[in-house]
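One structure is given below, encoded as C-alpha cells.
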Amino acid sequence: MNILAWCVAAWLFGIGVYGIVTSRHYVHLIGCLSVCQSATYVLLLGIGFRWHAGPPIFYDHPPGTPAVDPVVQALVLTDIVVGATVTALLLAIALQMQKRRGTLDPQHLRPFRQQK
Amino acid sequence: MNTPARILLLAIALVVLAPAAASLILAMPAFGHPLSHYGMAVNALAPHLRNVSNMVAAVNFDIRGIDTLGEECMLLAAVTGTVMLLRGHRGEGMGEHAGGVPGRKQAPRSDATVLLCRFMATALFLFGIYMVLHGTVTPGGGFQGGVIAASSFMLLYLGEGYAAWRRIVRGPVLDVLEGSGALAYALAAALPLAGGYAALQNVLPLGTWKDLFSGGLMVAVNYAVAFAVIGGFGMLLLEFMEETRAPENDPVPDEENE
Amino acid sequence: MSPVQLLPVAVLLPLGLAALLLAVAHWLPPRVADAASVLASLILVALCGWLAVQALHGPVVHWFGGWTPVASGRPGVVLGIGFSADPMSAIIAAFCALLFALSFIFAWGYFDKIHAHFHVLMLLFMAAMIGFCLTRDLFNLFVWFELMSIAAFALTAYPLGSSALEGALNFTVTNALASFLMLAGVGLLYARTGSLDFLAMAKAIARIAPDPVIAGGFVLVATALLTKAAIVPFHMWLADAHAVAPTPVSVIFSGIMVGLGLFGILKLTTQVFAADAQVMALVHEGLFALGIATALTGGLMAWAQRHLKRLLAFSTISHLGIMLTAVAAVSATGTTGLLLYLIGHGLVKGALFMIAGILLARRDSVDELALYREGRALWPVGVVMAVAGLLLGGLPAGSLYAASDLIHESAHSVAVMFVLVFAASLTGAAVLRAACRIFAGWSGTPGVEVTAPTERGREQPDRPLWLMLLPCALMIGVAVLPVDSVAPFAGRAAALLLRPNGQAPIVIASDHVTLGSFFALAMTLAILAGALMRERPTGRIARRAARTERLPFDALQFLHSGLVTDYVAWMAVGVALLAGFLGLR
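Chains as they are written, first to last, in this note's numbering: chain D, 604 to 719; chain C, 32 to 289; chain A, 7 to 591.
Set out below in C-alpha cells:
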C-alpha cells in the first residue's frame, strides 16, 4: 500500500508513452498524451495525501481538523487546465491535418516529403 | 524507423529506467505521511488571515495568485490559437444551417428534446454560476463553475439547432468576456501595486467567515476567472461546432510540390 | 517608483495588453495592434534594462500578494511566490523584449487577416519568457514554461499548410510530453523538500542530499528544459518546427526561446542544486558530453541541408550544444561566455531568419539550389547574410567571438575546443555556401545536400524591402560591436548569478585578436572552398569517395525521420541516458 500510488503513476506514464510510440491514429495519440498526464495527477495527489485527514475545506469542520495538502490540489487544478488547453490545440491541428492530407496516421505524416 | 525498431529502442530505454524508477519509488516519502510544511502552514494560517473556508481557493487565488493568472493566460493562448487554426481560411462568417453528411438523413428535432434541453441548459448554467459564487466557501470556484456553465452551451446547440444557437451565442461577445476576464485579473494585480502595496495583495475588506463574499480580493479574482473560462470554453465549443457546417468556404491553401 | 514596485510590471504589462487586445479585437483598426505591441516591447526593454542595472547592488525581490517569507511566522516555510531579478536574468529578459520589438517591426502588416490574434499570442509569449527569467518559484517557472510552449505551438501551426501542421504536431507532442515530465519532477522535489521556493529548496537539499528522489526530480525537470533547448537526443522537433513557422516567430524561437531552456538549467543548478554532489556531477560531466554530441550533430546536419530555414534550425542546435558546455562548467568564465553567446547568437540567428523571410516573400522559396543566382538583385541582403555567416564561423569581431573565446577557455581541453570550433565552422560555412549560391552565383557541384528534405513556400509578399531589411541589419550591426563597454557588466552579472553574496570571480570578456583567433575563420573558409570548388565525381575512386562521404550524412538524415513516434522513442532513450549516468556514479 505504501508504494501503490507511485507504481500506478509510473505504470500510467509508461503505458501512455508505449501508446504514443506505437500509435496509428493521431486522435489515439492525443488520448495517450492524456493518459501520461493522468500519471502526473496521481503522483501529485498521492504526494499530498494524509491518512485519516479530510478535505481542506473548513465549512462543516472547524479549522484545525486534520486536512490533506491544499497546495498540491491547486497544482493539479493548474495541470488540468494545461491538459485541456493542449488537447484542444492538438485536436484543432489534427482536424486541419485531416482536411489537408486525408489521413491521420503518424507513421505517414512527416514535414517535407523526402527528396530522392 | 519501422515499429519493431522503435519498440526495441523503447525496450532498451526501459531496461535502464526500470531499476532507476524502482529505486526512486522505494526512496519516496511514505504514502500518507507527507512532509508538506507548506500545506500545513496554509491550513493553519489561511482561515484566520483571509477569512475563507476553502483552502484550495485561498492557495489558487491569493497565496499563489500569480500562478493562476499565468494559467488563465494559458487558457487565453490556447483558445486564441485554436480559433486561429480552425477559422483558418474559412473566415468568421456564420452559415444558414449546419452541415450534413452526404447520404445520411437528418431527423427533425423532437419536442421532448427541445423542452428537456431548454430546462437542462438553464439549470446547468445556473448551477455553474452557483459554483462560481461559492468559490471561496465550499468546493468550487471560477474554473470549475465556469466550465460547467460553458458546457450548457452544448445543450443549447442540441435543443435549439444551429441557426438559433448562432444567434444566441456570438463570437465577439465571447471574445469580450474572455478578454475582460483576463484583463480584470491583471488589473486586480496591478491596482494594489499602484496603491503602494505588493502586486495582487488582498487590500479589500475580508468579509465574515463562511459568508458568500468572504475573502476580499479573492472574490473579484474568482469572478474574473469565471468570465474568462466561460468565454474561453464557449469560444472553443463555437469553433469546433462551426466545423460541422458545410465547409464550402474553406479553401485549402495551394501547396506546390517539388 | 522603486525597482521593487516596478518589477511585476514586466509581466503584468504584456499580459494586460494581450487581454485588452483580445477583448477589443473585433473593433480595432488594423495597425493599432502592431503599434501597441511595438510600444509595449520597447517599454519592457527599458524597464528590464533599468532593473538589470539596479540589481547590480543586490537582487530586486518582489513577493506577490505581500506573502513575504516572514508572513508565515514559521521559519523555513515560504508561503508566497517571489520574483527575484538579478542582473543576468533581467538583461536576458530585456533581450527577449528587444527581439520581440524587432520581430513586430518585421511583421508589420504580415498578419492582417486575423484580428490581432497574432499579437495576442506573441504578447503572451513575451510575458511568459520574461516571467520565466524573473521567477524564484519552481511551479511558477513551470507555469511560464507552459505558457511559452502553448503560445509557440499555436504560432507554429499558423501557416496551415500540410508541413506547418505536421511540424506543429511534432513540436506539440514532444514538448507536451516534456512538460508532463517537468511537472512530475516538480512534484517529486516538493515531496522531498516541502517547499517550492528556490532558496528554501536549496536549504532543504543541502540537508538531505544525496537522495534518489532529489536526483530523480532534477533529471525530470532537466529533461524538459533540455527538450526546450533542443539537446541531443531531445532535439529533433526543432528542425521541423523552425522550418515551417512564420518567419517572425522563427526569429523568436531561434533567437531566445531555445536559449531560455539552457538558462533555466543554469539557474536551477546554481540556485537550487548547488549543494547536491550527485546532481552537480551529472551536470559537469553528463551535460558536458551531451553538449559536445549536440554541437557535432547539429553542425553535420546543418551542412547537409538545402532548405535554408532547416539549415538555420540545425545550426541553432549546434550552437546550443556549444552553449551547453558552458552551462555544464558552472564557472564564472562559462557563465559570462554563456550570457554574451546567448545575446550574440540570438542577434545573428534572428537576422538570418529574417533574411530567409525576405527570400520567402520576394522569391517564394528558401531552397538554396532552387534559388541559384535568383538573389542577385537583392545584393544588400546578400551582404548581411555573408557577414552573419562569417560571424557564426568565427570572425574575430563582436560579442559572438568574445563569447566563444570564453567558452573554449571554460572547456579546459584542447580536443573539446577543436570539436566546438569544427561544429561552429560547419554552420558558418553552410550559411556562406547558401549565400554564395543565392546571391553571387558561385557554386560547385552540389554535395550531400541534394537529398535533403525541402519544399517551396510563400509568405506575405507586399511588405517593403527596407522595412524587412532594417531590423536585420540593425541586429548584425549590434552583434559586431566591440564588447568593451558591456564586458564589465557581463562579468559582474555572471558573478552575481553564481554567488549572490558577491564572492565569485569576475571575468572580463575581450575581443582581443591574436593570430590564433583566425583559426576558426580559416577552418570555415576552407570548408566553404571545398564546397565551392567541388566537381562532379567522374573517376571510380572519386565516385567511391563521394559515396563514403554520403554515408554518415544519410544515416543522420534517416534518424531525423520526421515521425513524432520516433522522436518520443529517442526522448525515452535520453531520459534513460541521464538516469543511467546517475546510476553509474
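Cβ atoms here follow ideal geometry from the backbone N, Cα and C, with glycine treated the same way.
Only counting the same chain, and skipping five residues up and downstream in sequence, which positions put a Cβ closer than 6 angstroms to that of residue i?
i: Gln717 (chain D); result: With a pLDDT of only 45 at Gln717 (chain D), under the threshold of 50, the placement of this residue in the model should not be trusted, and no figure is reported.
i: Glu286 (chain C); result: Note that Glu286 (chain C) scores a pLDDT of 47, beneath 50, so its modelled location is shaky and nothing firm can be said.
i: Leu147 (chain A); result: Thr141
i: Ala582 (chain A); result: none
i: Trp150 (chain A); result: Ala134, Gly137, Phe138
i: Asn288 (chain C); result: Only weak support is given to the placement of Asn288 (chain C): the predicted model assigns it a pLDDT of 36, under 50, and the value that follows is read from those uncertain coordinates. So no residue of the chain qualifies.
i: Val519 (chain A); result: Pro402
To the nearest angstrom, how far is the alpha carbon of residue i from that of residue j?
i: Leu18 (chain A); j: Trp73 (chain A); result: 18 angstroms
i: Tyr188 (chain C); j: Ala143 (chain C); result: 15 angstroms
i: Ser324 (chain A); j: Leu317 (chain A); result: 11 angstroms
i: His418 (chain A); j: Gly22 (chain A); result: 47 angstroms
i: Ala213 (chain C); j: Phe158 (chain C); result: 23 angstroms
i: Ala301 (chain A); j: Gly327 (chain A); result: 4 angstroms
i: Ile214 (chain A); j: Trp114 (chain A); result: 53 angstroms
i: Leu161 (chain A); j: Phe117 (chain A); result: 11 angstroms
i: Ala515 (chain A); j: Val178 (chain C); result: 54 angstroms
i: Trp309 (chain A); j: Leu396 (chain A); result: 15 angstroms
i: Gly381 (chain A); j: Val689 (chain D); result: 41 angstroms
i: Leu398 (chain A); j: Ala441 (chain A); result: 13 angstroms
i: Ala335 (chain A); j: Ser416 (chain A); result: 7 angstroms
i: Arg713 (chain D); j: Gly705 (chain D); result: 14 angstroms
i: Leu237 (chain C); j: Gly247 (chain C); result: 4 angstroms
i: His313 (chain A); j: Pro203 (chain C); result: 40 angstroms
i: Arg469 (chain A); j: Val387 (chain A); result: 15 angstroms
i: Leu231 (chain C); j: Phe424 (chain A); result: 52 angstroms
i: Ala446 (chain A); j: Gly86 (chain A); result: 59 angstroms
i: Ser141 (chain C); j: Ser182 (chain C); result: 21 angstroms
i: Ile361 (chain A); j: Arg439 (chain A); result: 15 angstroms
i: Gly568 (chain A); j: Phe259 (chain A); result: 19 angstroms
i: Val679 (chain D); j: Ala219 (chain C); result: 24 angstroms
Between the options, which has its C-alpha nearest residue i's C-alpha?
i: Val393 (chain A); options: A:Leu527, A:Ala335, A:Ser43, A:Leu473; result: A:Leu527
i: Leu186 (chain C); options: C:Ala154, C:Ala89, C:Leu55; result: C:Ala154
i: Ser410 (chain A); options: A:Leu344, A:Val519, A:Leu171, A:Ile262; result: A:Leu344
i: Ala235 (chain A); options: A:Leu348, A:Leu438, A:Ala31, A:Val30; result: A:Leu348
i: Glu103 (chain C); options: D:Thr668, D:Arg627, D:Ala687, D:Gln676; result: D:Ala687
i: Phe428 (chain A); options: A:Gln466, A:Leu306, A:Ile444, A:Arg379; result: A:Leu306
i: Tyr161 (chain C); options: C:Leu269, C:Arg81, C:Ala180; result: C:Ala180
i: Val492 (chain A); options: A:Ala58, A:Met423, A:Ala25; result: A:Ala58
i: Gly267 (chain A); options: A:Pro254, A:Asp246, A:Thr233; result: A:Thr233
i: Ala52 (chain A); options: A:Ala100, A:Val422, A:Ser109; result: A:Ala100
i: Val630 (chain D); options: A:Ala96, A:Leu175, A:Val67, A:His32; result: A:Leu175
Less than 8 angstroms between C-beta atoms, sequence neighbours within five positions excluded: which residues of the same chain meet that for residue i?
i: Met207 (chain A); result: Leu144, Leu195, Thr199, Ser201, Val278
i: Gly167 (chain A); result: Val250, Gly463
i: Ala287 (chain A); result: Arg591
i: Asp682 (chain D); result: Gln640, Thr643, Tyr644, Leu647
i: Asp206 (chain C); result: Gly262, Met266
Would you grab the beta carbon distance between residue i and residue j for me? Rounded to a whole angstrom, and I think it's under 8 angstroms.
i: His290 (chain C); j: Val83 (chain A); result: In the structure displayed, chain C extends from 32 to 289; residue 290 (chain C) sits before or after that span and is not available.
i: Ala88 (chain C); j: Val163 (chain C); result: Their Cβ separation, rounded to whole angstroms, is 11 angstroms, which puts Ala88 (chain C) and Val163 (chain C) out of contact at 8 angstroms.
i: Met132 (chain A); j: Ser47 (chain A); result: 7 angstroms
i: Gly172 (chain C); j: Asn253 (chain C); result: 6 angstroms
i: Ser43 (chain A); j: Leu129 (chain A); result: 6 angstroms
Go through its chain and collect everything with a Cβ distance to residue i's Cβ below 7 angstroms, but skip five positions before and after it.
i: Gly90 (chain C); result: Position check: residue 90 (chain C) holds Val in this sequence, whereas Gly was assumed. Once the five neighbours on either side are set aside, the close Cβ partners of Val90 (chain C) are Val73.
i: Arg540 (chain A); result: Gly450, Thr451, Gly453
i: Gly292 (chain A); result: Leu584, Phe587
i: Val620 (chain D); result: Cys639
i: Val579 (chain A); result: Pro239
_Taking beta-carbon pairs under 9 angstroms, can you tell me which members of the stretch 456–467 of chain A lie near chain D?_
Val456, Thr457, Ala458, Pro459, Thr460, Glu461
*Which residues, taken in chain order from the stretch 222–250 of chain A, show a beta carbon closer than 8 angstroms to some beta carbon of chain C?*
Gly222
*Please list the residues of the stretch 629–661 of chain D that have a C-beta atom closer than 8 angstroms to any C-beta atom in chain A, keeping them in chain order.*
Tyr629, Leu632, Leu636, Cys639, Gln640, Ala642, Thr643, Leu646, Leu647, Ile650
*Using a beta-carbon distance cut-off of less than 9 angstroms, what residues from the stretch 60–72 of chain C approach chain A?*
Pro60, Pro65, Leu66, Ser67, His68, Tyr69, Gly70, Met71, Ala72
*With 9 angstroms as the limit, tell me which residues of the stretch 274–298 of chain A have their beta carbon closer than that to any beta carbon of chain C; keep them in chain order.*
none
*What residues in the stretch 696–718 of chain D have a beta carbon less than 8 angstroms from any beta carbon of chain C?*
Ile696, Leu698, Gln699, Lys702, Arg703, Gln710, Arg716, Gln718
*May I ask you to list, following chain order, the residues of the stretch 198–209 of chain C that have a beta carbon less than 7 angstroms from some beta carbon of chain A?*
Pro203, Asp206, Val207, Glu209
*Cβ-based contacts, 8 angstroms cut-off: residues of the stretch 604–633 of chain D near chain A*: Ala612, Phe616, Val620, Ile623, Val624, Thr625, Ser626, Tyr629, Leu632
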